[in-house]
Structures are given as structure tokens and as C-alpha cells.
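Participant: I'd like to ask you about the structure that follows.
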Amino acid sequence: MTTDPQADPRTQLKSLSSVLRKLHKALVDLETERFGNPGNAFEHLQLLTTHPQFAWLRQISEMMVEIDERLDDKEEPVNAATVENYRKAIESQLALGPENSSEFHQKYLDALQESTQVAMAHGELRHRLSQLAPSA
641 MTTDPQADPR
651 TQLKSLSSVL
661 RKLHKALVDL
671 ETERFGNPGN
681 AFEHLQLLTT
691 HPQFAWLRQI
701 SEMMVEIDER
711 LDDKEEPVNA
721 ATVENYRKAI
731 ESQLALGPEN
741 SSEFHQKYLD
751 ALQESTQVAM
761 AHGELRHRLS
771 QLAPSA
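The numbering of the sequence shown is my numbering, which starts it at 641 and goes up by one.
As C-alpha cells, then:
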């Protein structure tokens, strides 16, 4: 008996991670463009990890690392609850509205308005999150 790969929680989490990475890359590209030429790849990495202008992106970076670590954990299988927990965490982190007025949310909203690539990646992530939402 074959199962739908979209129904496999591990596959769902990998897919969610992939779409989150696209959004992160679009945000990094935009912030790098705003910053100016970062030099070589090592200098760029240094900026991403230490420069205050890039600090707001670390929330997404940390989420990606957490998901990767969870996927690499061979001791505990990824289940539907795991996927649902990450779905909720990402939705909460990226929720836009008056209740979210942190520096991250303001910069994220600015990025959405400034960059077509960020807006498209955001839309793709929102679509993927909606596909993972439990049926009502």
C-alpha cells in the first residue's frame, strides 16, 4: 500500500523548510541590497550573523536551524503534531497585524511592500501553511 507523500509528516516538514528557506533567501537578498556590497562570501556570512542591520532576520534563521535539527534527529520520528507545532510557530512569527508591532514585524512588512520576490515567497509560504492546516 502506497501513501501520499504529502501526507507523510517528514515530507511535509521538509517541504515547509524548503519554502521557508526561499523566503529567508529573498529577505537576505533584499537586506544585502539595502546594505551594499558585502564583499566575499565569508564577509557576507559575518554580516548576516553579527551586523545589527541583519539581526531581525535571525528569528527566521533560528527557526530553519530548529527544523533542520528536528529532521536530523533519528531518535524521534517526525509526526503530525510536530508539523502542526512548526506550522503554528511560523504562522505566529509571520503574522501581520496591529497586534504584532515588533521591529521584526515592521521590517518584514516593509520588505513585503518593497520586494516582489519577498512578496511571492511569502505567498508561497502562506499557501504551504494553509495546505498543512488541519481540516476544520
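Using N, Cα and C, we set each Cβ at its ideal position, and we do this for glycine too. Source: prediction; values computed, not measured.
For the candidate residues Ala647, Leu653 and Lys747, whose alpha-carbon lies nearest to that of Asp622?
Facilitator: With the chain covering 641 to 776 only, the question about residue 622 has no answer from this structure.
Participant: Whether or not the stretch 660-669 and the stretch 758-773 are in contact is what I'm after, with contact meaning three or more pairs of Cβ atoms, one per stretch, closer than 8 Å; do they touch?
Facilitator: Yes: the two stretches touch, three or more of their Cβ pairs being nearer than 8 Å.
Participant: Would you tell me roughly how many angstroms separate the C-alpha atoms of Arg650 and Met703, rounded to the nearest one?
Facilitator: Residue 650 sits at position 10 when you count from the first residue of the sequence shown. Residue 703 sits at position 63 when you count from the first residue of the sequence shown. Cα-Cα distance, rounded: 16 Å.
Participant: Nearest by alpha-carbon distance to His691: which of Phe675, Ala681 and Val705 is it?
Facilitator: The residue given as residue 691 occupies position 51 in the sequence shown. Minimum Cα distance to His691 is reached at Phe675.
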